Structures are given as structure tokens and as C-alpha cells.
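Working notes for the structure below.
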Amino acid sequence: MAYCPKCGVEVERDTKNCPLCDFPIPDVGEQDEKEVRKYPQAINTYNEDHQEKKNIAFFSIGIIAVSLLIILGVIYLVYPWNHALIKYIIVADLSIFAIIFFSLGYLKPKYNLLGVYITVLVTTWSIYLIGGSQNNWFLNYAVPIATLLYLDIMIFMLIFKHTRHRSQFIYIPSNLILSVIVFTIGLDAIISINYLGTLDLTWSLIVAVSGICIIGLLQGIYHQIPEKTRKMLKKKMHV
Amino acid sequence: MEDKPQKLKFYSLDNAGVMYTAIASSRMSTVYRMTVGLNEVVDPAMLQKALDVIIPRFPYFQVTLKRGLFWYYYEHTEVKPKVEEETFYPCKIMRQRQGKTFPFRVLYYNSYVHVEFNHSICDGSGGLIFLQTLIIQYFKENKGITPVNRGKAMDIDSEIDPREYEDAFKLYYKEGVPPPPGNKKVYHFPFELLDKGEYLLLTGIVPVDQILGLARKYGCTLTQFMLALYFESIQEYIQNSPMSEKKKHQQRIAINVPVDLRKIFPSITLRNFFMSLNPEIDLALGYFTREEIIEQIKGYMGLYLNRKNINRYISRNVRNEQLIFLRLIPLWVKKLAMPIVYKRFGERGYTSGLSNLGNVSFPEELVPYIKSLEVFPPPSVESRLKLVMVSYNKNLSLSFGKTSGETVIEKIFFRKIRQLGIPVKIVTNKR
């Protein structure tokens with residue numbers, strides 16, 4: 001019979017560590033009949049079950065996208081109608097299909113995000129080429145905004161990973177607000193540089209200040225103000 | 001409506017079943033498990049034969065879950081259930097697949113037979129009757145043993161009594177009874193969750209007579225004594241947590257204790273018929289000694305464990321189910337909203353659960369072949385650790401089911417039992 005020296009409980013004979021305290025069970029060199037295993041090495045079927053549903057969704061969307069593509073291709077070749085419009089629809093169809101593929105999560109999250117980022121860049125570039133616009137909006141706006149959003153989401157996915165086991169009602173809103181603040185500041189900067197030629201932040205600062213106030217409030221509720229600060233505040237405020 | 005063959009084809013869910021089907025998800029599968037340990041390796045062919053023989057006696061379990069427009073319902077199926085070798089995590093969610101799935105599964109592994117029931121079809125008492133019948137039939141097929149006294153198990157040659165599948169909640173529902181007071185938010189375990197689909201089991205086997213003797217010494221029942229030890233363990237865990245967290249955790253601890261209503265109302269239904277009480281201690285009042293906790297529990301049970309108070313819970317639940325504007329919400333909306341409602345109003349009110357299924361006996365002739373009996377609670381997210389106790393043949397199985405990898409509460413709990421001088425044997429599926 002095998003016992004845990006720390007807990008004093010009997011454990012199954014072939015156990016290496018105590019199931020309660022993880023303390024190694026000393027081998028007393030007992031060589032009697034082997035105990036039958038009670039549980040098999042369990043398989044988790046969660047991913048498998050969900051894969052099936054995902055595949056069904058992906059294939060039905062794929063069929064719709066492909067048939068739309070064929071119809072549009074035939075119209076494009078046979079019927080001399082608004083060619084630019086058909087090109088737009090084809091680009092939209094393909095990019096929606098690509099984004100759905102990435103959002104179904106077949107790859108790792110960071111590759112999915114990268115895929116969406118590249119899709120957005122390619123789509124905007126195609127639209128830019130089809131439209132033949134005079135001002136250089138693709139390089140001035142589309143690329144910086146998409147890159148900004150991509151980096152913003154990347155950073156906050158990382159932060160979320162580290163804080164996800166804390167209180168969800170405090171940390172998820174805090175992180176979301178913080179990421180919105182970073183995004184608005186970047187957006188404001190891009191617009192002002194392109195429009196005015198200088199870095200001049202305006203409305204994003206209002207978003208930032210109010211957002212930081214909300215974060216402070218949330219974190220304050222969660223962590224409570226330290227005793228020392230509270231005393232100091234009381235003294236200063238005469239309450 | 002009272003046409004009999006019509007009724008056997010279609011079973012509406014009972015009050016608890018309605019809720020359980022709506023909240024079911026990968027983490028909250030609402031599936032509980034009963035395990036019988038035999039003294040020899042299980043013969044799957046014989047087990048299948050036994051299942052085939054007994055299933056016609058349980059037509060209300062030979063059903064499949066169907067989606068209605070407003071609610072789920074169970075429909076009779078001619079498909080025969082199959083026994084399977086255990087390969088997956090315990091209490092895996094039961095998916096519905098075109099009339100081929102059952103609300104229960106019979107598994108075997110080495111010398112163990114597991115029966116897993118979806119809580120929407122029956123509660124522990126009903127499930128145990130099915131399990132006992134199955135095991136008796138298994139030994140009849142395998143060894144030719146026909147026990148004289150079947151105990152609680154069903155006689156498979158007897159007529160099917162409609163009272164076996166009655167919805168006892170509706171039957172004993174009284175109109176006009178005021179609802180019970182709402183529950184308050186209590187302490188919840190801050191443990192990290194396991195991956196979706198995973199579930200850990202940990203059983204401690206203790207000799208029942210020693211622990212019963214101790215309970216008598218403290219002047220309480222076995223359930224109350226184990227409940228007190230469990231409260232004490234959670235209290236000790238909170239006391240030992242670091243100062244910064246301790247203050248936050250000075251809350252109420254409440255433990256959900258299901259009560260088998262067949263003992264209070266004269267019903268023989270095999271479907272759900274239970275109601276839960278929530279005894280609690282408030283840590284803001286200070287440290288509770290074991291005697292104080294026992295007094296608290298005894299006082300609580302004395303006040304609330306009676307027909308009049310239970311009626312309030314039944315009438316609240318049945319009334320909520322019968323509200324016409326709730327019934328008219330389409331099923332997919334209910335399926336979205338119910339988990340949140342359950343989390344907010346149900347699980348918020350208790351830290352953990354402790355269910356005592358009492359002493360289960362098998363016929364005398366079979367006792368030499370049956371080593372152990374355990375029952376495991378269904379997994380849950382909010383109360384990450386739940387306990388079910390059941391005693392069989394001088395042993396008490398204290399079975400924890402958990403959706404978290406932490407073992408700190410069990411460690412304190414079983415060390416407490418060891419300190420009382422009672423031997424404990426631990427078995428787990430954790431690798």
C-alpha cells in the first residue's frame with residue numbers, strides 16, 4: 001500500500017506523486033499484484049466536435065463565394081456592362097471569403113490576425129488600382145490605419161493573455177478602453193499629419209482623458225485605494 | 001391528452017430538465033456519473049446484453065432530445081443504446097444527433113462500469129435505480145445469479161407504472177405560495193479553469209462507520225458533519241490566503257445541498273424531483289469553530305427543511321416556467337439567455353455543492369462481486385468544485401468533480417479527515 005507522507009492518505013499503487021499535494025510518493029519496493037487502472041488516458045473531444053461545425057460553416061460560405069465568383073466572371077466576359085463595378089464586387093467577395101476563413105480560427109490567432117491584415121491591405125490596394133484615384137489615399141491613409149489597428153490588436157492580445165485570469169469585469173473593459181485610446185491617438189495623428197502636415201492631436205485627447213478616468217475608476221474599485229493615500233486624500237479634502 | 005400510447009412517444013421536460021437543457025455547454029455539460037467498481041474485469045458483451053434486456057422496462061429513458069420551437073422535448077426512439085469503452089473525459093457533453101443519442105451512456109473500463117446521465121432526464125435517485133437494475137441484470141447474464149431481494153432496483157418483468165415518469169414538480173405545485181427570498185452573492189473559488197471539455201475527478205474513500213460515529217459524537221447527521229468539514233476547509237483556505245486577498249474574501253460561504261423530495265412527498269418518479277437548500281456561514285462575523293458550524297447547519301436545516309418551505313421553491317420554479325411570455329420566447333433566445341440568467345440568479349448564490357445520495361445497497365448475493373460505488377457531480381463553471389457522497393458496503397465515497405486543476409480544498413478537507421484518525425484512500429483521473 002502506498003501512502004503520501006505529507007497528507008497521510010492512501011494512494012493508488014502506481015502513483016508517482018500525491019494527487020492532493022503533489023509530494024513524491026516514496027517507493028517502498030513493494031512488488032505485489034498491479035492495481036487495475038481505474039481511468040483511461042482521457043481524450044478531449046471539444047476541438048474535434050467544434051471543427052465539424054466550423055467546417056460545415058466554412059464550406060457553405062465557400063460554395064456561395066465560388067458560385068458568386070463564377071456568375072460575376074460570366075457576366076464580366078459575356079455582358080458588356082459596368083466593368084469597374086463588377087471588379088469591385090469580385091474584390092469584395094474574395095476579401096469577405098478570406099476574412100471569414102481567418103476568423104474561423106483554423107490557424108493560430110496571430111497568423112489569423114496577420115492574414116486579416118494582409119487581406120485588408122490587398123483589398124484596399126486593388127480598390128485603389130481599380131478606382132485609379134488621383135490622391136495617394138492608399139499609402140497616406142489605408143496602410144497606416146490598417147498597420148496601426150494591427151499593432152494595436154497585437155499588443156492588447158498580449159496584455160489580455162497576461163490579465164485574463166483576473167476579474168473579467170474589471171480587466172476586459174480596462175484593456176478595451178486602453179486599446180481604443182491608443183487607436184484614436186494614432187488615428188488622430190495620421191489624419192492631422194496628412195491634412196495639416198503637422199502632428200496636432202485634438203479630439204483623441206478628449207477620448208484619452210475620459211477613458212483613463214474610467215480605467216482609474218474601475219481599477220480603483222477593484223484594488224481599493226491604499227490606506228495611506230486615502231488618509232492623505234481625507235486630510236487634503238477636509239472630510 | 002391522456003391517451004397512453006401517445007404519452008409514451010413524447011415526454012415534455014420537467015421543471016429542472018427545462019433549465020438543464022438550456023444551460024448545457026461544453027464546460028457545464030449537466031451530465032453526472034455513477035461508477036460501480038467490480039472485483040473482476042467487465043465483460044462488454046454481457047453488459048450490452050443486460051442493457052438490451054432492461055431498456056424496455058425504462059421506456060422514459062429510451063428517448064432522444066429534440067428541439068422544439070419553444071422548448072426541448074424528449075421523443076421515444078427505437079434505437080438501442082450501446083455500451084462503450086471509456087476513452088473520453090468523464091461527464092462529456094451529450095450532443096443531439098438526429099435521434100441517435102440518448103440522455104445517458106453506459107461505459108466500461110477495466111473492472112469499472114460507469115453510467116452517465118444527463119441531469120435533464122433524471123436526478124441521482126432515479127439514476128441509481130437504473131444503475132442497480134443494470135448491475136443486477138449484468139450478473140444474471142454473466143453468472144446466473146438471481147437475487148431474492150432486489151432492493152430498490154426495478155423488477156424488469158413488472159408493468160410500467162405511469163407514476164414512474166410523472167412530473168412531480170407540477171403534481172405537487174401549489175398556487176399562491178409566495179416565493180422564497182432571493183439569494184445573495186457569495187464567495188467563489190478563484191481557481192484557474194481547465195480547458196473546455198476537460199473534467200477531473202477525485203474520490204476519497206473512507207470507512208463509513210467511523211465517520212458516522214464521529215458525527216454522532218457531534219450530535220448531527222452524516223450529511224451535516226461532512227458539510228461542516230467542507231465549510232471548515234473552505235474557511236481555512238480563505239484564512240490561509242495572503243493578507244491582500246483575505247479582506248476581499250471575507251464573504252459568505254454557501255453550499256448548495258440538494259434534497260431528495262421523494263422523502264418529503266409521496267412520489268416514486270424516476271425523473272427529477274429535488275430542490276436545493278443553501279446553508280451558509282458569513283466570514284465577516286469572524287472565525288467559525290466546527291461546533292459553531294454544526295450548530296449553524298442544524299439550525300438552518302431545522303428551519304428550512306420542511307414541506308412548507310420546500311413548497312415555496314417548487315411554486316417559484318414552476319410558476320416561472322409557466323409564465324406565458326417566457327414560454328413564448330423562441331428556443332434559441334432562451335438558449336442564449338439562460339446561461340446568463342442561471343449564472344446571475346442560480347450559481348451566484350452558492351460557493352460549492354454537496355449532495356448526499358445516502359446509503360445504496362446491492363442485493364446480498366452480489367456484494368462479493370461489487371467493490372465500490374461512486375457518484376460524481378456534473379461539471380460547473382461558477383462552482384468549480386463540487387462534492388457528492390454516497391455510501392456502499394461500509395465505505396463512504398467522497399467524490400469531488402472539478403473544472404479546475406487546483407487541489408487545495410481537497411487537500412485541506414482530506415487532511416482534516418486524516419487528523420480525525422480516519423483512513424482515507426484517494427483515487428483520481430488526473431495524470
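One line per chain: the protein sequences are B and Y, in this order. Take the first sequence: its position 70, counting from 1, is numbered 70 in full-length UniProt numbering, and each next residue is one higher. Take the second sequence: its position 395, counting from 1, is numbered 395 in full-length UniProt numbering, and each next residue is one higher. Note that beta-carbon positions come from the ideal geometry of N, C-alpha and C, so glycine has one too. Bear in mind the structure is a predicted one, so any value in this text is a computation, not a measurement.
Is it buried or exposed for residue i, if we count other Cβ within 10 angstroms and need 16 for buried?
i, result
"asparagine 47(B)", "exposed"
"valine 318(Y)", "buried"
"histidine 83(B)", "exposed"
"alanine 337(Y)", "exposed"
"asparagine 240(Y)", "exposed"
"lysine 110(B)", "exposed"
"glutamate 374(Y)", "buried"
If we define contact as Cβ-Cβ less than 8 angstroms, is residue i a contact residue for chain Y?
i, result
"proline 109(B)", "no"
"threonine 229(B)", "no"
"arginine 37(B)", "yes"
"asparagine 55(B)", "no"
"tyrosine 46(B)", "yes"
"glycine 132(B)", "no"
"isoleucine 43(B)", "yes"
"valine 11(B)", "yes"
"aspartate 49(B)", "yes"
"glycine 105(B)", "no"
"residue 276(B)", "With chain B represented from 1 up to 239, any question about residue 276(B) goes unanswered, as that position is not in the structure."
"cysteine 213(B)", "no"
Which same chain residues end up closer than 6 angstroms to residue i when comparing Cβ atoms and leaving out the 5 residues on each side of it in sequence?
i, result
"glycine 204(Y)", "Leu398, Phe414, Val424 and Ile426"
"lysine 49(Y)", "Glu141"
"arginine 230(B)", "none"
"glycine 243(Y)", "Residue 243(Y) is actually methionine in this sequence, not glycine. Cβ within range, chain order: n/a, list empty."
Skipping 5 residues on each side, what residues in its chain have a beta carbon closer than 8 angstroms to that of residue i?
i, result
"aspartate 3(Y)", "For aspartate 3(Y), the pLDDT reaches just 43, beneath the cut-off of 50, and the residue's location in the model is therefore unreliable, leaving the point undetermined."
"isoleucine 86(B)", "Leu72, Ile75 and Tyr76"
"glycine 213(Y)", "none"
"phenylalanine 225(Y)", "Ile211, Leu214, Ala215, Tyr218 and Ile294"
"isoleucine 136(Y)", "Pro147, Arg150, Ala153, Phe362, Pro363 and Leu366"
"phenylalanine 198(B)", "The sequence shown places threonine at residue 198(B), rather than the phenylalanine named in the question. Only Ser192 meet the Cβ criterion."
"threonine 147(B)", "Tyr117"
"glutamine 219(B)", "Ile170 and Ser174"
"threonine 163(B)", "Tyr171 and Asn175"
Sort the options by Cα distance to residue i and report the nearest one.
i, options, result
"arginine 384(Y)", "Arg33(Y), Thr351(Y) and Gly144(Y)", "Thr351(Y)"
"valine 36(Y)", "Asp161(Y), Ile23(Y), Tyr109(Y) and Arg27(Y)", "Tyr109(Y)"
"aspartate 14(B)", "Tyr3(B), Val66(B), Ile89(B) and Pro173(B)", "Tyr3(B)"
"isoleucine 281(Y)", "Phe273(Y), Met275(Y), Leu305(Y) and Glu292(Y)", "Glu292(Y)"
"proline 180(Y)", "Ile417(Y), Ile412(Y), Pro330(Y) and Lys308(Y)", "Lys308(Y)"
"tyrosine 141(B)", "Asn194(B), Leu205(B), Leu176(B) and Gln41(B)", "Asn194(B)"
"aspartate 27(B)", "Tyr39(B), Glu12(B) and Cys21(B)", "Glu12(B)"
"lysine 298(Y)", "Thr289(Y), Ile422(Y), Ser12(Y) and Thr221(Y)", "Thr221(Y)"
"tryptophan 203(B)", "Gln219(B), Val182(B), Gly216(B) and Ile215(B)", "Val182(B)"
"proline 178(Y)", "Phe191(Y), Phe130(Y), Ile314(Y) and Thr428(Y)", "Ile314(Y)"
"histidine 119(Y)", "Gln251(Y), Lys335(Y) and Gly17(Y)", "Gly17(Y)"
"leucine 326(Y)", "Lys9(Y), Tyr11(Y) and Met19(Y)", "Met19(Y)"
"lysine 174(Y)", "Lys386(Y), Arg344(Y) and Asn311(Y)", "Asn311(Y)"
"glycine 176(Y)", "Arg316(Y), Val83(Y), Ile417(Y) and Arg67(Y)", "Arg316(Y)"
"glutamate 321(Y)", "Lys386(Y), Asn15(Y), Leu305(Y) and Phe10(Y)", "Asn15(Y)"
Got a sec? Which residues, its chain only, sit under 7 angstroms from residue i by beta carbon, not counting five neighbours each side?
i, result
"proline 5(Y)", "Only weak support is given to the placement of proline 5(Y): the predicted model assigns it a pLDDT of 45, under 50, and the value that follows is read from those uncertain coordinates. Here the set comprises nothing."
"isoleucine 145(B)", "Leu187 and Ile190"
"proline 19(B)", "Val11"
"threonine 77(Y)", "Gln62, Val63, Thr64 and Gly99"
"isoleucine 25(B)", "Ala2, Cys4, Val11, Thr15, Lys16, Asn17 and Cys18"
"threonine 335(Y)", "Sequence check: residue 335(Y) is lysine here, not threonine. Excluding residues within five positions, the ones whose Cβ falls inside 7 angstroms are Ala22."
"arginine 105(Y)", "Glu84 and Glu116"
Check whether chain B comes within 8 angstroms of residue i, counting only Cβ atoms and requiring the distance to be less than that.
i, result
"proline 423(Y)", "yes"
"tyrosine 237(Y)", "no"
"isoleucine 211(Y)", "no"
"tyrosine 108(Y)", "no"
"leucine 222(Y)", "no"
"arginine 418(Y)", "yes"
"lysine 92(Y)", "yes"
"glycine 197(Y)", "yes"
"tyrosine 89(Y)", "yes"
"phenylalanine 104(Y)", "no"
Can you round the beta-carbon distance between residue i and residue j to whole angstroms, since I take them to be within the 8 angstroms contact cut?
i, j, result
"aspartate 195(Y)", "asparagine 44(B)", "7 angstroms"
"glycine 353(Y)", "isoleucine 264(Y)", "That pair is no contact at about 19 angstroms."
"serine 380(Y)", "glutamate 410(Y)", "Wrong, their Cβ atoms sit about 16 angstroms apart, outside the cutoff."
"threonine 64(Y)", "phenylalanine 117(Y)", "That belief does not hold up - the Cβ atoms of threonine 64(Y) and phenylalanine 117(Y) are roughly 14 angstroms apart, past 8 angstroms."
"leucine 357(Y)", "leucine 128(Y)", "7 angstroms"
"residue 435(Y)", "cysteine 122(Y)", "Since the first and last residues shown for chain Y are 1 and 431, residue 435(Y) lies out of range."
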